[in-house]
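As structure tokens, the structure follows; a few thoughts come after it.
Number of protein chains: 2
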Amino acid sequence: MISSIAELISDRIGTMPAGERRAAQTLIASYPLIGLKTVAEFSAAAGVSSPTILRFVARLGFQNYPEFQSALQDELAAQLQSPASRALNPPSPNGGAASPMLEATLDNLRETFRHLSDKQLADIVAKLADRRGKTFLIGGRFTDPLARYMAAHLAIVQPNVFHLAGQESVWRDRLIDMGKRDVLVIFDIRRYQDSLVRLAETAHQRGVQIVLFTDQWLSPIARFARHVIAGRTAVPSAWDSSAALFVVAETLIGAVTRQLEADGAKRIRELESLR
Amino acid sequence: MISSIAELISDRIGTMPAGERRAAQTLIASYPLIGLKTVAEFSAAAGVSSPTILRFVARLGFQNYPEFQSALQDELAAQLQSPASRALNPPSPNGGAASPMLEATLDNLRETFRHLSDKQLADIVAKLADRRGKTFLIGGRFTDPLARYMAAHLAIVQPNVFHLAGQESVWRDRLIDMGKRDVLVIFDIRRYQDSLVRLAETAHQRGVQIVLFTDQWLSPIARFARHVIAGRTAVPSAWDSSAALFVVAETLIGAVTRQLEADGAKRIRELESLR
DNA sequence: GGAGCGCTGTATCGTATGTTACGTATTTTG
DNA sequence: CAAAATACGTAACATACGATACAGCGCTCC
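Top to bottom, those sequences are chains A and B.
Here the first sequence stands for residues 1 to 275, where the numbers follow this note's numbering.
Here the second sequence stands for residues 1001 to 1275, where the numbers follow this note's numbering.
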């Protein structure tokens, strides 16, 4: 079974004429980057002419050069999705059925945070900790519990935190309460829910800042969002995983709490004396 | 010091207009692959027009689109050269407040699963997938969302799954419905809630099997529980983390679904035909 | 409420890119 | 050794890609 293009090449390199073999070797040498550049650059690097490059990719079975490049990109995508950790990590000490799930989740967490900058988090924290506005939270069919989880914590450290529960018609009416200073935190992963998109659109029109938790394919709500957190959701299961978004939510909860403490919010002091 | 383009983007994303910000978010979400494709594909993925993409790369300081792509490719090249360094990267590339939280969570996950035997998981899965009994789920102040999350999934793959919501007096009455064949899944971490303990005790007396998700110090409910899942909760935050329990829950959800598929449950087949 | 500014998309343009045809060189085979 | 077949590069071509000019729109600030 030949899975990668590199294998395909080494499989057929024996049957190639001299020029094409040089192309193959050049590509393998700095795989796969040369293949992503233009035919002219590739041919120059290999020291052959451009038609030779094209004949080379044709021999590999591709209809044209762009198709070849797309294949390389897809390969790269797959490689980047599941980072090297899988190759490094010792064959899991706990070899059972749980382990692939755990490994995938660990990867998802690392990848999610790798794509998340401190600045972005800091911006969101600043907005959430801004006590001048209200905070609303809502999620989709499977992610609404995450909205509840976040709301449960935030509502303790600051006032004016509301989880939008119940039927669509109910929380749509809450739009009246939302204005420019307010934040709407939405959790929405595939399959994206129309009702949430409509909510987001209306809220956006009212000037509400939207913080969106979504998956890496980005909910259409990203269009209206001020801040987008894209979490990895792929796991070996029939369901997508929201674990990465959950951990980001916990991180934000912690950071907002710390921020409010730093601000010396009276509420925090009162809370501590209550305990 | 700004080294990667991703950093550059998150640094300036705050100063960008809406359209360009969408471009930035799209790129970050599946970094850096979209940026290697054509302007047209990039713009389509981001849901903006091509000129917006070009303005976006111009704002990042690139003279033209090809130059931007070259920069991305160079970055990729450096990354692919030393794949190990990226996965390990102890001096976190993202050294701020988020990282300790992430590290602690990763540790918690690993530790939690290390203390979790396959057999234990298998037993719980078998019980949850047993269609002869009903499944009830409930959680505490902060963990009830986890119960909801689990219920939302389980209720799809099998009938008779109920989340106990609302006031204590309400769900206490549901005890009447519970019998020997039924399962009660309880989430309870510090500070343990008396109301849940009382519920667990009564349910236990009625012969209900209890599956308890708790922290490493074990809720008093452990005394009545048939199965206990102890998750690590310590993180550098004012709050405890439920992430480990969340991931165990997702693992169980996936395993139960797989089990039911293996059992050839009619419901699963019907579900698939519905989609 | 009105004027100005900035952002965004549509449509057009020039060009760099991939593609192909053809002629020459090189190798292979009878 | 000759003749044919294969391989390779040059050059012309067409397409699709990135770039730009312009107009419409919404927003902010007087």
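Ideal placement from N, C-alpha and C gives every residue a C-beta, glycine not left out.
Problem - C-alpha distance - Q1120/B paired with L1252/B, whole-angstrom precision - result: Indexing the second sequence from 1 puts residue 1120/B at position 120. Indexing the second sequence from 1 puts residue 1252/B at position 252. Going by the C-alpha atoms only, they are around 11 Å apart.
Exercise for the section: Can you grab the Cα-Cα spacing for the pair L260/A / F1062/B, in whole Å? Expected result: Position 260 of the first sequence, counting from 1, holds the residue named residue 260/A. Position 62 of the second sequence, counting from 1, holds the residue named residue 1062/B. Spanning the two alpha carbons is a distance of roughly 39 Å.
Problem - For V1105/B, the three-state DSSP class (helix, strand or coil) - result: One-based indexing of the second sequence puts residue 1105/B at position 105. It should be pointed out that residue 1105/B corresponds to Thr in this sequence rather than to Val. Three-state result, T1105/B: helix.
Problem - Limits of the beta strand (DSSP E) - the one that L1163/B falls within - result: Stepping through the second sequence from its first residue, residue 1163/B is reached at position 163. A small fix is needed here, since residue 1163/B is His in this sequence, not Leu. First-last of the beta strand (DSSP E) with H1163/B: 1161 to 1163.
Handout entry: Presumed contact (8 Å Cβ cut-off) between T1112/B and G1231/B, rounded CB distance
Key = Here residue 1112/B corresponds to residue number 112 of the second sequence, with the count starting at 1. Here residue 1231/B corresponds to residue number 231 of the second sequence, with the count starting at 1. Contact flag correct, Cβ pair sits at about 5 Å.
Exercise for the section: Would you tell me roughly how many angstroms separate the C-alpha atoms of T1257/B and Q79/A, rounded to the nearest one? Expected result: In the second sequence, residue 1257/B corresponds to position 257, counting from 1. In the first sequence, residue 79/A corresponds to position 79, counting from 1. Here the alpha carbon of T1257/B sits roughly 28 Å from the alpha carbon of Q79/A.
Exercise for the section: Pull up the distance between the alpha-carbon of L109/A and that of L245/A, whole angstroms please. Expected result: For this step, residue 109/A is matched to residue 109 along the first sequence. For this step, residue 245/A is matched to residue 245 along the first sequence. Cα-Cα distance, rounded: 8 Å.
Exercise for the section: Please report how far the alpha carbon of L1218/B lies from the alpha carbon of D74/A, in whole angstroms. Expected result: Against the second sequence, residue 1218/B aligns to sequence position 218. Against the first sequence, residue 74/A aligns to sequence position 74. Going from the Cα of L1218/B to the Cα of D74/A covers about 46 Å.
Practice task
Please list the partners that I1253/B has in chain A, where partner means a Cβ-to-Cβ separation under 8 Å.
Solution key: Position 253 of the second sequence holds residue 1253/B. Under a criterion of Cβ atoms nearer than 8 Å, the residues of chain A adjacent to I1253/B are, in order, S237, W239.
Practice task
Please confirm if F213/A has its CB atom under 8 Å from at least one CB of chain B.
Solution key: Along the first sequence, one-based indexing puts residue 213/A at 213. Not an interface residue.
Practice task
Could you run through the segment 1042 to 1075 of chain B and flag, in chain order, every residue whose CB is less than 7 Å away from some CB of chain A?
Solution key: Residues of the segment 1042 to 1075 of chain B with a C-beta less than 7 Å from any C-beta of chain A: G1047, Q1073, listed in chain order.
Problem - Proximity to D263/A [Cα-Cα], best of A126/A, L36/A, V235/A, P17/A - result: The residue labelled residue 263/A in the question sits at position 263 within the first sequence. Residue A126/A is the option with its Cα nearest to D263/A.
Problem - Cβ pair count under 8 Å reaching 3, the segment 204 to 219 of chain A against the segment 175 to 185 of chain A - result: yes
Exercise for the section: Taking only the alpha-carbon atoms, compute the straight-line gap between R141/A and A40/A and give it to the nearest angstrom. Expected result: Position 141 of the first sequence, counting from 1, holds the residue named residue 141/A. Position 40 of the first sequence, counting from 1, holds the residue named residue 40/A. Just so you know, the alpha carbons of R141/A and A40/A end up roughly 51 Å apart.
Practice task
Spell out whether any CB of chain B is found under 8 Å from the CB atom of K119/A.
Solution key: Counting from one through the first sequence, the residue named residue 119/A turns up at place 119. Cβ-Cβ to chain B under 8 Å: yes for K119/A.
Practice task
Could you check which residue in P1032/B, P1066/B, L1212/B, D1240/B has the C-alpha nearest to that of D1227/B?
Solution key: Looking up residue 1227/B in the second sequence gives position 227. According to the sequence provided, residue 1227/B is His. The question's Asp does not apply to it. H1227/B has its Cα closest to that of L1212/B, out of P1032/B, P1066/B, L1212/B, D1240/B.
Problem - Per DSSP, the bridge partner or partners of Q1209/B - result: In the second sequence, counting from the first residue as 1, residue 1209/B sits at position 209. According to DSSP, Q1209/B bridges with V1183/B.
Exercise for the section: Answer with yes or no whether the minimum CB distance from E1020/B to chain A is below 8 Å. Expected result: Translated into positions along the second sequence, residue 1020/B becomes position 20. No, because no Cβ of chain A sits closer than 8 Å to the Cβ of E1020/B.
Handout entry: L1088/B versus T26/A: straight-line alpha-carbon distance, rounded
Key = Here residue 1088/B is taken as the residue at index 88 of the second sequence, counted from 1. Here residue 26/A is taken as the residue at index 26 of the first sequence, counted from 1. Only weak support exists for where L1088/B lies, its pLDDT of 39 falling under 50; the value from the coordinates is given anyway. Distance between the alpha carbons of L1088/B and T26/A is about 29 Å.
Handout entry: Helix, strand or coil at A155/A according to DSSP, with G and I counted as helix
Key = Working through the first sequence from its first residue, we reach residue 155/A at position 155. A155/A falls in the helix class under three-state DSSP.
Problem - Amino acids of chain B, ordered along the chain, whose beta-carbon sits closer than 9 Å to that of T105/A - result: Looking up residue 105/A in the first sequence gives position 105. Result: L1109, V1247, E1250, T1251.
Problem - CB-CB length for V48/A against R12/A, believed under 8 Å - result: Residue numbering aside, residue 48/A sits at position 48 when the first sequence is read from its first letter. Residue numbering aside, residue 12/A sits at position 12 when the first sequence is read from its first letter. V48/A to R12/A, Cβ: 17 Å. No contact.
Handout entry: beta strand (DSSP E) segment containing F1062/B, residue limits
Key = The residue you call residue 1062/B lines up with position 62 of the second sequence. Careful: F1062/B lies outside any beta strand (DSSP E) and carries neither H nor E.
Handout entry: Between the CA atoms of A1044/B and T15/A - distance to the nearest angstrom
Key = Numbered from 1 along the first sequence, position 15 holds the residue referred to as residue 15/A. Numbered from 1 along the second sequence, position 44 holds the residue referred to as residue 1044/B. Cα to Cα, T15/A sits roughly 40 Å from A1044/B.
Practice task
On a CA-only basis, which of F162/A, R174/A, R148/A, I221/A is nearest R190/A? Give me that one, please.
Solution key: One-based indexing of the first sequence puts residue 190/A at position 190. Among F162/A, R174/A, R148/A, I221/A, the Cα nearest to that of R190/A belongs to I221/A.
Problem - 8 Å Cβ cutoff, G1207/B in contact with chain A - result: As a first step, residue 1207/B must be located in the second sequence, where it is residue number 207. Taking Cβ atoms only, chain A never reaches closer than 8 Å to G1207/B, which makes this a no.
Practice task
Could you pull out every residue in the same chain whose Cβ sits closer than 6 Å to the Cβ of G35/A, ignoring the five residues on either side in sequence?
Solution key: Counting from 1 along the first sequence, the entry for residue 35/A is found at position 35. Here the set comprises L27, L72.
Handout entry: Min CB distance A155/A to chain B below 8 Å
Key = Locating residue 155/A in the first sequence gives position 155, where the first residue counts as 1. Output row for A155/A: interface = no.
Problem - CA-to-CA distance, S1030/B to T143/A, given in whole angstroms - result: Start at 1 with the first residue of the first sequence, and residue 143/A comes out as number 143. Start at 1 with the first residue of the second sequence, and residue 1030/B comes out as number 30. Each residue's alpha carbon lies about 21 Å from the other.
Problem - Three-state class that DSSP yields for D1263/B in the structure shown - result: If you number the second sequence from 1, residue 1263/B lands on position 263. Coil at D1263/B, not helix or strand.
Practice task
Write down the C-beta distance between V282/A and L137/A rounded to the nearest angstrom, noting that I regard them as a contact closer than 8 Å.
Solution key: The question about residue 282/A has no answer, for chain A in this structure spans 1 to 275.
Problem - Limits of the alpha helix (DSSP H) - the one that G1139/B falls within - result: As a position in the second sequence, residue 1139/B is number 139, starting the count at 1. No alpha helix (DSSP H) holds G1139/B; the beta strand (DSSP E) holding it covers 1135 to 1139.
Handout entry: Residue-chain proximity (Y192/A, chain B), Cβ-Cβ < 8 Å
Key = In the first sequence, residue 192/A corresponds to position 192, counting from 1. No Cβ of chain B is located within less than 8 Å of the beta carbon of Y192/A.
Exercise for the section: Could you check what DSSP says for H1204/B in three-state terms: helix, strand or coil? Expected result: Within the second sequence, the letter at position 204 stands for residue 1204/B. Here DSSP, grouped into helix, strand and coil, assigns H1204/B to helix.
Exercise for the section: Please compile the residues from chain A whose C-beta is within a distance smaller than 7 Å of the C-beta of D1011/B. Expected result: Residue numbering aside, residue 1011/B sits at position 11 when the second sequence is read from its first letter. The CB of D1011/B comes closer than 7 Å to the CB of K119 in chain A, given here in chain order.
Exercise for the section: With DSSP as the reference, label A1230/B as helix, strand or coil. Expected result: Your numbering for residue 1230/B matches position 230 in the second sequence. Residue state, collapsed to three classes: strand.
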